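K.L.:
My questions will all concern the structure given below.
2 protein chains.
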Amino acid sequence: MSVFDELLAANERHVAGFARGQLPAPPARALAVLTCMDARILPLDVFGLAPGDAHVIRNAGGRATDDALRSLLVSSHVLGTRAVAVVHHTECGMTKLTDADFAATIERATGHSPGDLPLYAIEDPDAALQGDVTWLAESPLLPAGTEVAGFLYDVRTGVLSLVVPPLVVGDTTAC
Amino acid sequence: MSVFDELLAANERHVAGFARGQLPAPPARALAVLTCMDARILPLDVFGLAPGDAHVIRNAGGRATDDALRSLLVSSHVLGTRAVAVVHHTECGMTKLTDADFAATIERATGHSPGDLPLYAIEDPDAALQGDVTWLAESPLLPAGTEVAGFLYDVRTGVLSLVVPPLVVGDTTAC
């Protein structure tokens, strides 16, 4: 049985207990969470959120990439969110390699270079989180008044810490 | 109390019940799920996955963007995943607007144009899912042998359907 067959089989249990078919699309708490794809992070559990409460955007590192901004623009302008929690975490794979190491790993394995695909390895975790929050808060494209804050999640203890207090879009020095 | 304070307060309950501090970083089922940020989708629940089983990558639409590929390269080359489930869903916000509508909405609200930021609106849902799966399966950068399949999740019923049967990286006609 392939992993895809297993997913489909497991979905039958999900459907049997399904009871939230009437939830609306706009997040009830007007919140978007941007965090890492790490398999140990359960965003709703970490934050005590219910289904329907928040958009959850995830990528390698929880980085504020152009694509994360794209998602946040949909989240805010189309679906009304007004707060962004950027959540990095301890023991992140992105802190364990450099962009150059990573590019070399891919090229060794496949014979192809990732070229100019940005890899977003994290050399300095504090600077990366501060930079990601600041970059979003300074975006001229997010709605004025949107709050952006930075958190660190400890995958060994479950503890979430506020590292970058909320910045407000429109209040920061525009870049 | 701000939404960020509420998240920190809720985290105290998460920490009190925390019992998975020893999970390793590599996903136990060597799986990555790429899906939409939609607040109604609970990926682990939909698929019957346990904490630690899979990377979860999420963006507006669950699109195979360059940044999703970046995350999948980390997932596969660094953390050993070998299967990708691309999951789009019914009633997706990205199907309700065009790139041009969306750009106009942002410009009206902020006075700024998103310029050449790709927006990835979905005009034809079937074509978008097929295209996203095919684009990933044809990537020369993913490990040969990686399987990529496309699913549709119905947010009203919880039902997951296989729409694009697995393609294998390296078996497809390279682009």
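In order, the protein sequence lines correspond to chains A and X. In this text, residue positions in the first sequence follow my numbering: the first is 1, and each later residue adds one. In this text, residue positions in the second sequence follow my numbering: the first is 1001, and each later residue adds one. Yeah, the Cβ is synthetic: ideal placement off N, Cα and C, and Gly gets one too. What you are looking at is a predicted structure, and each value in this text was computed from that prediction instead of being measured.
Select from the stretch 1042 to 1059 of chain X all residues with a C-beta closer than 9 angstroms to any C-beta belonging to chain A, and list them in chain order.
P.N.:
L1042, P1043, L1044, D1045, V1046, F1047, G1048, L1049, P1051, G1052, D1053, A1054, H1055, V1056, I1057, R1058, N1059
K.L.:
Find the residues of chain X that neighbour H88(A), judging by a C-beta separation of less than 7 angstroms, and give them in chain order.
P.N.:
The residue labelled residue 88(A) in the question sits at position 88 within the first sequence. Ordered by position in chain X, no residue passes the 7 angstroms Cβ test against H88(A), which lies about 14 angstroms from the chain.
K.L.:
Between T146(A) and chain X, is any beta-carbon pair separated by less than 8 angstroms?
P.N.:
The count along the first sequence starts at 1 and reaches residue 146(A) at position 146. It does not: the Cβ of T146(A) has no partner Cβ on chain X nearer than 8 angstroms.
K.L.:
So which of L1160(X), V1084(X), P1143(X) has the shortest CA-CA distance to R1058(X)?
P.N.:
Walking along the second sequence from the start, residue 1058(X) turns up at place 58. The shortest Cα separation from R1058(X) among L1160(X), V1084(X), P1143(X) belongs to V1084(X).
K.L.:
Between which two residues does the alpha helix (DSSP H) harbouring T110(A) extend?
P.N.:
In the first sequence, the residue the question calls residue 110(A) occupies position 110. 99 to 110 is the span of the alpha helix (DSSP H), which, as asked, contains T110(A).
K.L.:
Could you give the residue range of the alpha helix (DSSP H) that holds P1151(X)?
P.N.:
Along the second sequence, read from residue 1 onward, the residue named residue 1151(X) stands at position 151. A small correction: the amino acid at residue 1151(X) is Phe; Pro does not occupy that position in the sequence shown. Counting along the chain, F1151(X) falls outside any alpha helix (DSSP H), though it belongs to the beta strand (DSSP E) covering 1147 to 1153.
K.L.:
So, at 6 angstroms on beta carbons, what are the nonlocal neighbours of L1007(X) in its own chain, with the 5 sequence-adjacent residues on each side left out?
P.N.:
Within the second sequence, numbered from 1, the residue matching residue 1007(X) stands at position 7. Sequence-distant Cβ neighbours of L1007(X) in its own chain, meaning closer than 6 angstroms and more than five residues away, do not exist here.
K.L.:
Of the residues D1154(X), T1146(X), C1092(X), which one's Cα is nearest the Cα of S2(A)?
P.N.:
Translated into positions along the first sequence, residue 2(A) becomes position 2. Here the closest residue by C-alpha is T1146(X).
K.L.:
Tell me which residue opens and which closes the alpha helix (DSSP H) that S1071(X) is part of.
P.N.:
Residue mapping note: residue 1071(X) aligns to position 71 of the second sequence, counting from 1. It spans 1066 to 1073 - the alpha helix (DSSP H) in which S1071(X) sits, taken as one unbroken run.
K.L.:
Consider the Cβ of A104(A): report whether some Cβ of chain X lies at a distance smaller than 8 angstroms.
P.N.:
Within the first sequence, residue 104(A) is the residue found at index 104, counting from 1. No, no contact with chain X.
K.L.:
If A1064(X) sits next to D1132(X), beta carbons under 8 angstroms apart, how far is it from one beta carbon to the other, in whole angstroms?
P.N.:
As a position in the second sequence, residue 1064(X) is number 64, starting the count at 1. As a position in the second sequence, residue 1132(X) is number 132, starting the count at 1. Sure, about 4 angstroms apart at Cβ, within 8 angstroms.
K.L.:
Within the 8 angstroms Cβ cut-off, does D67(A) reach chain X?
P.N.:
Reading the first sequence from its first residue, position 67 is the one you call residue 67(A). Yes, D67(A) lies at the interface with chain X (some Cβ there is under 8 angstroms from its Cβ).
K.L.:
Using the C-alpha atoms, what's the distance from G1052(X) back to R156(A)?
P.N.:
Start at 1 with the first residue of the first sequence, and residue 156(A) comes out as number 156. Start at 1 with the first residue of the second sequence, and residue 1052(X) comes out as number 52. Approximately 13 angstroms between the Cα atoms of the pair.
K.L.:
The alpha helix (DSSP H) spanning L1007(X) covers which residue range?
P.N.:
Translated into the one-based positions of the second sequence, residue 1007(X) becomes position 7. Where L1007(X) is concerned, the enclosing alpha helix (DSSP H) stretches over 1003 to 1016.
K.L.:
Report yes or no: do three or more beta-carbon pairs, one from the stretch 1103 to 1111 of chain X and one from the stretch 1059 to 1079 of chain X, lie closer than 8 angstroms?
P.N.:
no
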